[in-house]
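For reference, the structure discussed in these notes is given below.
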Amino acid sequence: MPAAFRRVNEEVESLGDTLKQAREEREAEMALREKVEQERDQANAERDQLEERVRGLRTELRTCKRRAVNLSTYLEQALAEKELISDDLGFTQQRLSVQLAAIMSEKRRVWKLQTVVVHGEGEEVGTQRNARTTSSLGSGREGAASLAF
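Take 22 as the starting number for the sequence shown in the working numbering and just add one per residue.
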């Protein structure tokens with residue numbers, strides 16, 4: 022019996038080794054499953070973050086598109102207003118040129134009139150002096166005073 026007992030003992034040891042190996046494999050499988058679950062959870066969390074970011078970027082894109090439309094509209098309005106101002110400026114410039122020409126013409130006319138008046142007064146003063154000089158030459162002293170005057 023000792024041989025049968027030894028065989029049973031060897032069989033039990035072999036079964037024990039097999040059981041131990043099965044436990045180690047099961048523990049390795051459990052550790053692997055746990056690692057897979059952790060990685061899956063991490064991947065799901067990253068996916069959720071990416072989806073949230075995509076939603077945020079889509080919202081930002083819609084906002085940017087609205088701003089672009091608003092800026093385009095504003096630019097069109099500003100260009101139209103610039104065109105109106107440019108037209109008004111051209112009209113005002115023409116009007117001021119006409120007014121300036123009229124003012125310069127009036128100024129030349131006034132200068133001519135002033136020249137005529139100054140020359141006319143000069144002739145009149147000269148005529149008065151000549152008349153005084155002629156009349157005072159006969160009296161003597163008054164003529165000298167009149168000439169000095």
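The beta-carbon is built from N, C-alpha and C at its ideal position, and this holds for glycine as well.
Here the alpha carbon of D62 sits roughly 27 Å from the alpha carbon of T80. Taken in chain order, the whole beta strand (DSSP E) runs of length 3 or more contained in the region 82-121 number zero.
Here the alpha carbons of E102 and T113 stand approximately 16 Å from one another.
One alpha carbon belongs to A89, the other to E97, and they sit about 12 Å apart. Its chain contains no residue whose beta carbon lies nearer than 8 Å to that of R74 once the 5 sequence neighbours on both sides are disregarded.
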